[in-house]
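Everything in the sequence shown is counted per my numbering, starting at 3 for the first residue and increasing by one.
Each residue gets a CB set at the ideal place from its N, CA and C atoms; glycine is no exception.
Worksheet: the structure to be examined is printed underneath.
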Amino acid sequence: MLEYAVVGSGIGGSAMAALLGAKGRDVALIEKEPYLGGCSSTFTHRNRRYNTGATTFAGFEEGRKVKQLFDAAGVTPALHVSDPALVVVQKGCLIKRYRDLDAFLDQLEQLHPHPKNRAFWTLIAQINRDFYAMQGYGYSGRSLVSKICSSSSYLPLAWRFSSYITISARAFMERFFGDMSPEYLDFMEAQILIVAQATSDETHFLTAALALGYTFGANHYSIGGMGSLFDTLTCKVPHLHRDTRIEKIKRRYDRFELYAGEERFEAANVVLNTTVYDSAFLFEDESIRRYYERLSKRGNTQSAFMLYATLRSDIALHHHYQIITEQTIPMTRSKALFVSFSDREDRLMSEQGYYSMTASIHTDVLWWQTLDASSYRSFKALLQQHLSELICATLGLEREWFVDLFSATPTTFEHYIGRSQLGGLPMTMRNHLWHIPSNDTPFKGLYHVGDTTYAAQGWPGVSEGALNLMRLLDV
Ligand SMILES: Cc1cc2nc3c(=O)[nH]c(=O)nc-3n(C[C@H](O)[C@H](O)[C@H](O)COP(=O)(O)OP(=O)(O)OC[C@H]3O[C@@H](n4cnc5c(N)ncnc54)[C@H](O)[C@@H]3O)c2cc1C
């Protein structure tokens with residue numbers, strides 16, 4: 003019998019399998035797809051490689067959870083520094099988000115001059131430094147007692163940032179700047195949305211400050227695509243099962259039985275990396291099923307429309323662009339398109355002179371699910387065309403340079419990753435600590451990691467959740 007069975011190899015699952023393996027535990031990582039990484043993986047299409055969803059790798063630096071995770075797993079990923087971490091394109095202007103504050107402010111002043119810019123962005127950088135320097139807190143939601151006890155570990159953090167967690171980001175910025183042009187607000191909203199998955203009036207200023215300030219920390223490009231991070235992270239995991247979909251989990255007195263077609267695994271503990279919204283169906287046990295059904299009510303309909311391409315270009319392209327338009331793009335929920343290119347030296351991602359491109363924009367799951375088959379196909383083609391034209395017009399690319407172009411909707415994600423809701427937990431004012439599903443559950447031996455549980459999405463959020471769970475397991 004295994005000590006641990008980890009179901010799903012997203013950031014959370016791969017992290018847990020790597021951390022438990024490094025502690026000498028007998029752990030199996032079980033993934034239904036042939037490739038690892040879920041929303042942060044790299045897949046092959048017509049012999050070319052593409053990043054599935056995530057493209058940026060933030061937080062790999064001393065003192066930060068992502069670095070702690072790789073160090074504890076005893077592995078080092080192959081990376082290039084990415085600086086500027088992001089190039090924002092708005093009203094025909096490029097604003098390069100350099101790590102250096104002065105260099106960034108020079109860029110910002112060209113499009114959004116404001117006498118309070120320096121004070122505001124200095125505050126953002128300071129909040130980021132202070133927040134990530136704080137350690138020693140962690141969350142357990144297993145019982146009322148554990149909730150109360152673990153919440154007290156956040157008191158120093160709450161004390162330091164009290165004036166930023168009681169006010170919405172929008173209210174804070176309006177008070178700080180006095181007057182703010184609608185375009186400057188769009189600039190802020192676009193960057194808050196990609197990290198917090200919420201708008202500035204939904205989220206408090208602390209979360210917004212961390213979202214706006216991620217470019218002041220270390221950002222890296224993963225050589226070979228984001229999927230390479232998982233090959234590195236899981237290289238010492240004792241048992242790795244790809245192409246193995248867990249269909250049912252039965253709870254016995256002292257163990258769990260996991261069924262995947264003809265295969266059966268037995269484990270004393272199970273760590274799920276599926277979303278908490280889509281986990282109830284896995285269990286026959288009524289109480290576990292009800293637990294996940296209750297959590298599924300906290301889900302939302304946020305998702306992504308994706309555009310993938312391989313293109314030949316002599317123009318040197320940055321790793322990441324955010325194109326901000328004046329109106330919300332039809333069929334989406336956003337004015338901003340995030341466009342990432344492979345590094346021109348990365349021969350694993352594309353041949354010399356070619357780039358692999360992944361672009362994403364927020365959209366609503368329900369909008370796509372209510373379409374009939376023929377409308378679905380035509381709207382998908384229409385949005386693909388609209389976005390590719392927008393990218394070409396904004397970045398000076400020619401349509402003929404694309405040798406491959408295709409797209410994905412929330413339905414595609416449902417098919418491959420087993421989830422149509424994407425982007426994880428939105429960090430809103432309503433989503434306070436007690437409202438966030440925890441990494442431990444009320445059931446002995448059953449745990450959960452990933453972006454729909456503590457501490458929310460992306461490499462930084464999900465890594466923190468995995469480290470939090472390791473602390474709770476005390477192995
Ligand atoms: C479009 C997009 C862009 C993003 N950009 C960034 C970014 O630039 N930087 C960043 O840090 N984050 C980004 N994110 C967020 C980040 O990708 C996610 O928060 C993170 O990857 C989620 O990890 P997870 O651990 O929740 O697992 P998931 O990615 O949800 O993976 C779950 C895994 O479980 C597997 N699985 C599901 N059911 C079963 C089953 N029954 N049996 C076996 N296996 C199963 C799936 O196949 C999948 O591999 C982005 C997300 C999206 C959608």
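Item to check | Sub-7 Å separation of F340 and Q324 beta-carbons | outcome: Locating residue 340 in the sequence shown gives position 338, counting from the first residue. Locating residue 324 in the sequence shown gives position 322, counting from the first residue. Q324 is positioned such that its CB atom lies closer than 7 Å to that of F340.
Next on the checklist: Are there any heavy atoms of ligand 1 lying less than 6 Å away from the beta-carbon of Q423, as far as the coordinates show?
Outcome noted: As a working mapping, residue 423 is identified with position 421 in the sequence shown. Checking every heavy atom of ligand 1 against the Cβ of Q423, none is found closer than 6 Å.
Next on the checklist: On the CB-based measure, 16 or more other CB atoms within 10 Å of its CB, does G263 come out buried or exposed?
Outcome noted: Along the sequence shown, read from residue 1 onward, the residue named residue 263 stands at position 261. Exposed, by the Cβ-count rule.
Next on the checklist: On a Cα-Cα basis, can you pick out the residue from G40, A30, S153, F59 that is closest to F415?
Outcome noted: By one-based count along the sequence shown, residue 415 stands at place 413. It is G40.
Next on the checklist: Can you give me the C-alpha to C-alpha distance between M359 and G55, rounded to a whole angstrom?
Outcome noted: Counted from its first residue, the sequence shown places residue 359 at position 357. Counted from its first residue, the sequence shown places residue 55 at position 53. Cα to Cα, the separation comes out at about 11 Å.
Checklist entry - Terminal residues of the continuous alpha helix (DSSP H) containing N49? => result Residue numbering aside, residue 49 sits at position 47 when the sequence shown is read from its first letter. DSSP places N49 in no alpha helix (DSSP H); its state is neither H nor E.
Item to check | Three or more C-beta pairs below 8 Å linking the stretch 430-444 and the stretch 58-66 | outcome: When C-beta atoms of the stretch 430-444 are compared with those of the stretch 58-66, fewer than three pairs fall below 8 Å, so the two segments do not count as touching.
Item to check | beta strand (DSSP E) runs wholly inside the stretch 212-258, at least 3 long, in chain order | outcome: Taking only runs of at least 3 residues, the beta strand (DSSP E) segments lying wholly in the stretch 212-258 are 221-224, 241-243, 250-253.
Checklist entry - Going by the beta-carbon positions, is the gap between L313 and Y378 smaller than 7 Å? => result To locate residue 313, count along the sequence shown from 1; it is residue 311. To locate residue 378, count along the sequence shown from 1; it is residue 376. Not in contact: L313 and Y378 (Cβ atoms no closer than 7 Å).
Next on the checklist: Once DSSP output is grouped into helix, strand and coil, what is the label at Q304?
Outcome noted: As a first step, residue 304 is located in the sequence shown; it is residue number 302 there, counting from the start. Residue state, collapsed to three classes: strand.
Checklist entry - Would the beta-carbon of S183 be found less than 6 Å away from any heavy atom of ligand 1? => result Within the sequence shown, the letter at position 181 stands for residue 183. Not so, every heavy atom of ligand 1 lies at least 6 Å from the Cβ.
Next on the checklist: Using a Cβ-based criterion (distance less than 6 Å to any ligand heavy atom), does R247 qualify as near ligand 3?
Outcome noted: In the structure shown, ligand 3 is absent; the only ligands present are ligand 1.
Next on the checklist: Using the Cβ count rule (16 or more neighbours within 10 Å means buried), how would you classify T46?
Outcome noted: Position 44 of the sequence shown, counting from 1, holds the residue named residue 46. It counts as exposed.
Checklist entry - What is the DSSP secondary structure of S315, reduced to helix, strand or coil? => result Taking the first residue of the sequence shown as 1, we reach residue 315 at position 313. Here S315 sits in coil by DSSP.
Next on the checklist: Quick check on W370: buried or exposed, where buried means 16 or more other Cβ atoms within 10 Å of its Cβ?
Outcome noted: Here residue 370 refers to the residue found at position 368 when the sequence shown is read from its first residue. W370 comes out buried.
Checklist entry - Does the stretch 110-118 come close enough to the stretch 258-272 that 3 or more CB-CB pairs lie under 8 Å? => result Result no; under three Cβ-Cβ pairs closer than 8 Å.
Next on the checklist: Can you give me the C-alpha to C-alpha distance between S16 and G26, rounded to a whole angstrom?
Outcome noted: Locating residue 16 in the sequence shown gives position 14, where the first residue counts as 1. Locating residue 26 in the sequence shown gives position 24, where the first residue counts as 1. Cα-Cα distance, rounded: 15 Å.
Checklist entry - For S202 versus I194, is the C-beta spacing smaller than 7 Å? => result Locating residue 202 in the sequence shown gives position 200, where the first residue counts as 1. Locating residue 194 in the sequence shown gives position 192, where the first residue counts as 1. Their beta carbons are under 7 Å apart, which means S202 touches I194 by this criterion.
Next on the checklist: K238 and G12 - do their beta-carbons sit closer together than 7 Å?
Outcome noted: As a working mapping, residue 12 is identified with position 10 in the sequence shown. As a working mapping, residue 238 is identified with position 236 in the sequence shown. Using a Cβ distance threshold of 7 Å, G12 and K238 do not count as a contacting pair.
Next on the checklist: Which residue wins for smallest C-alpha separation from S390, given the options E268, L81, V273, I363?
Outcome noted: Position 388 of the sequence shown, counting from 1, holds the residue named residue 390. With respect to the C-alpha of S390, the residue from E268, L81, V273, I363 having the closest C-alpha is I363.
Checklist entry - What whole-angstrom Cβ distance do Y141 and Y456 have, given they're in contact under 8 Å? => result Taking the first residue of the sequence shown as 1, we reach residue 141 at position 139. Taking the first residue of the sequence shown as 1, we reach residue 456 at position 454. Your pair Y141 and Y456 checks out as a contact, with CB atoms roughly 5 Å apart and the cut at 8 Å.
Item to check | Continuous beta strand (DSSP E) stretch holding L339: start and end | outcome: By one-based count along the sequence shown, residue 339 stands at place 337. Residue range 338-343 is occupied by the beta strand (DSSP E) that includes L339.
Checklist entry - Between the beta-carbon of K34 and the beta-carbon of R247, is there less than 7 Å? => result Numbered from 1 along the sequence shown, position 32 holds the residue referred to as residue 34. Numbered from 1 along the sequence shown, position 245 holds the residue referred to as residue 247. A contact, by the Cβ cut-off of 7 Å.
Checklist entry - Would you say P115 faces chain C, with C-beta separation under 7 Å as the test? => result In summary, chain C is missing from the structure at hand, where a single protein chain is found.
Checklist entry - What's the C-alpha gap between V367 and R300? => result Here residue 367 refers to the residue found at position 365 when the sequence shown is read from its first residue. Here residue 300 refers to the residue found at position 298 when the sequence shown is read from its first residue. Going by the C-alpha atoms only, they are around 15 Å apart.
Checklist entry - Secondary structure at L103, three-state DSSP: helix, strand or coil? => result Here residue 103 refers to the residue found at position 101 of the sequence shown. In this structure, L103 counts as helix in the three-state DSSP scheme.
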